[in-house]
Amino acid sequence: MNTLDDKSSDEALSIRISRRLLAELMSHALQDDPNESCGLLLGLGDEADEIYRMSNVNKKPISRYTMQPSELLEAQEKARKSGREFVAIYHSHTFTQGYPSKTDITNAVPVASISTRHVIISLVEKTRPVVRAFAITGDSEVTELVIQTDGEPYRAAD
Ligand SMILES: [Zn+2]
């Protein structure tokens, strides 16, 4: 289902998340269900090595997410101290597909300094969470990223 224009290198259009981290993203989403979960992927470049869970402090957590500012500062401190950066921002959709909503696209602009990569965990099918990743740039352009993982390639359900 990946119909990517092959203009740039693969590297620019992918994100690396191990199976262990994918499983963590899914379990966080299921724990917070029906509210949206949110957090950050820490690592280097396009490779995540840790999930940083955050509290969703939005007043409508069932369909929106807002990262708690103090936790964001803690995450920044943690990344800085360990020489890492934010590889992506993640959140879940508990009853819609794993594609950025209009709100997600609008909100990508103010959080672009944190990361322009967004990982979305969809719980449309509770027994089979689906993880997808996107780059959302300042001009609201959405590009799906290939998720590279260890072992067999991860494929979002077709
Ligand atoms: Zn969303």
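Position in the sequence shown (first residue = 1) + 4 = the working numbering. Ideal Cβ positions, reconstructed from N, Cα and C, are used throughout, including at glycine.
Counted within 10 angstroms of its Cβ, other Cβ atoms place residue i as buried (16 or more) or exposed
i, result
"Pro104", "buried"
"Arg23", "exposed"
"Thr100", "exposed"
"Gly43", "buried"
"Arg159", "exposed"
"Met5", "With a pLDDT of 45 at Met5, under the threshold of 50, the predicted position of this residue should be treated as unreliable, though the coordinate-derived value follows. It is exposed - the Cβ of Met5 has fewer than 16 other Cβ atoms within 10 Å."
"Leu8", "Below a pLDDT of 50, predicted positions are generally treated as unreliable, and Leu8, at 48, falls in that range; the measurement from the model is reported next regardless. It is exposed - the Cβ of Leu8 has fewer than 16 other Cβ atoms within 10 Å."
Residues bridged to residue i [DSSP beta-bridge criterion]
i, result
"His95", "Cys42, Ile124"
"Tyr56", "Leu44"
"Ala139", "Arg121, Thr147"
"Ile19", "Ile151"
Proximity winner among the options, relative to residue i (alpha-carbon distances)
i, options, result
"Asp143", "Arg132, Thr153, Ile109", "Ile109"
"Leu17", "Gly155, Ile151, Arg159", "Ile151"
"Asn60", "Ala92, Phe90, Arg68", "Arg68"
"Glu81", "Asp50, Leu46, Thr107", "Leu46"
"Ala79", "Glu129, Arg159, His95, Arg57", "Arg57"
"Thr141", "Ser41, Leu127, Asn111, Lys130", "Asn111"
"Glu89", "Lys64, Ile118, His122", "Ile118"
"Arg121", "Ser41, Asp50, Leu77", "Asp50"
Interface flag, residue i vs chain D, CB-CB below 9 angstroms
i, result
"Tyr103", "The structure shown has no chain D; it contains just one protein chain."
CB-CB length for residue i against residue j, believed under 8 angstroms
i, j, result
"Ile124", "Gly102", "4 angstroms"
"Asn116", "Ala52", "Note that residue 116 is Ala in the sequence shown here, rather than Asn. Contact doesn't hold; Cβ gap of about 18 angstroms is too wide."
"Ser96", "Asp154", "Going by Cβ atoms, the distance from Ser96 to Asp154 rounds to 23 angstroms, so no, they are not a contact pair."
"Pro38", "Thr107", "That pair is no contact at about 17 angstroms."
Residue i beta carbon near ligand 2 (any heavy atom closer than 8 angstroms)
i, result
"Asp37", "This structure does not include ligand 2; its bound ligands are ligand 1."
Do the segment 22 to 33 and the segment 73 to 85 meet, that is, are 3 or more Cβ pairs less than 8 angstroms apart?
With a cut-off of 8 angstroms, the segment 73 to 85 and the segment 22 to 33 do not count as touching, because too few Cβ pairs lie within range.
Given 8 angstroms, three or more beta-carbon pairs between the segment 62 to 82 and the segment 130 to 142
Short answer: they don't touch.
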